[in-house]
Amino acid sequence: MRRITVYCGSSGAVAPVYLDAARETGRTIAGLGLSLVYGGGATGLMGALADAALESGGEVIGVTIDKFNSAELGHRNLTELHVTDNIQDRKAKLMELSDGIIALPGGLGTFDELVEGLNWVQLGFHEKPIGLLNTNAYFDPFVSLLDHALSEGFLYVGPTDLFISDSDPGRLLERLGSFRPKMNMTERWAKQARGAEEQI
Ligand code: AMP
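Adding 560 to a residue's 1-based position in the sequence shown gives its number in the numbering used here.
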């Protein structure tokens, strides 16, 4: 892995433990000699993550859109900044540039990016490893929701086949290097088709 894309919250009105986790993630990525790719913001976990990576001598690549790239919201000191035409292109670019993806605690923007990344694994559009930094057990309810979706028959594979989760950034990155999602597309389409037959 050379480049890690990180999705995380833009809010700074959160417990210090979350901002500290973002800083530790930035430092760890830079310390491993990896480039950080992220949304280009200066606020909340996004800003803490990017500042820590830059302070540790790391390369930080932002991918943003004009609307977010204001003096208050956009990070001004990144190694590289891509400005895309719209939010869909931005998400595609964030994905394209990465060899692996990590989601830190965040809000709807983070959920949107994370769920899209996971959905694209289960549709066979990419096989990049995805990890959740489970600071303060933040993602436990999300994992419970996915377990529920699996037991109700709405998912084709369980959460542990799609991503890994760890509360320690260093361990998460180490595990990410050898993780590949266990998504067998042939099995998935067969399961889906069988479901359709059973309905008739
Ligand atoms: P949220 O989790 O709702 O705070 O949204 C965070 C996610 O949305 C990030 O991973 C970004 O990709 C995107 N985002 C939110 N605010 C900004 C911003 N000011 N600049 C760039 N991207 C942002």
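Even glycine gets a Cβ: it sits at the ideal position worked out from N, Cα and C. The model shown is predicted, which means the values in this text are computed figures rather than measured ones.
Using the beta-carbon count (16 or more within 10 Å), is residue i buried or exposed?
i, result
"S658", "buried"
"K742", "exposed"
"H635", "buried"
"K688", "buried"
"A750", "exposed"
"A590", "buried"
"E615", "exposed"
"L683", "exposed"
"N694", "buried"
Kindly give me the distance between the Cβ atoms of residue i and residue j, rounded to whole angstroms, as I take these residues to be in contact under 8 angstroms.
i, j, result
"A610", "L641", "Actually they are not in contact, since the Cβ atoms of A610 and L641 sit about 11 angstroms apart, beyond 8 angstroms."
"R583", "A608", "5 angstroms"
Distance, Cα to Cα, residue i vs residue j?
i, j, result
"V703", "P665", "13 angstroms"
"G713", "E758", "13 angstroms"
"M606", "M745", "34 angstroms"
"R587", "E619", "11 angstroms"
"Y578", "E676", "23 angstroms"
"L710", "S725", "18 angstroms"
"E734", "A756", "40 angstroms"
"D626", "K653", "15 angstroms"
Starting from residue i, follow its DSSP beta bridges and name the residues at the other end.
i, result
"I564", "L596, G660"
"V783", "Not covered by the structure: residue 783. The range shown for the chain is 561 to 760."
"T644", "I625"
"S725", "L692"
Inset, instruction - Only counting runs of 4 or more residues, tell me where the alpha helix (DSSP H) segments fall wholly within the stretch 644 to 714, in order along the chain. - result: 647 to 656, 668 to 682, 700 to 711, all fully within the stretch 644 to 714.
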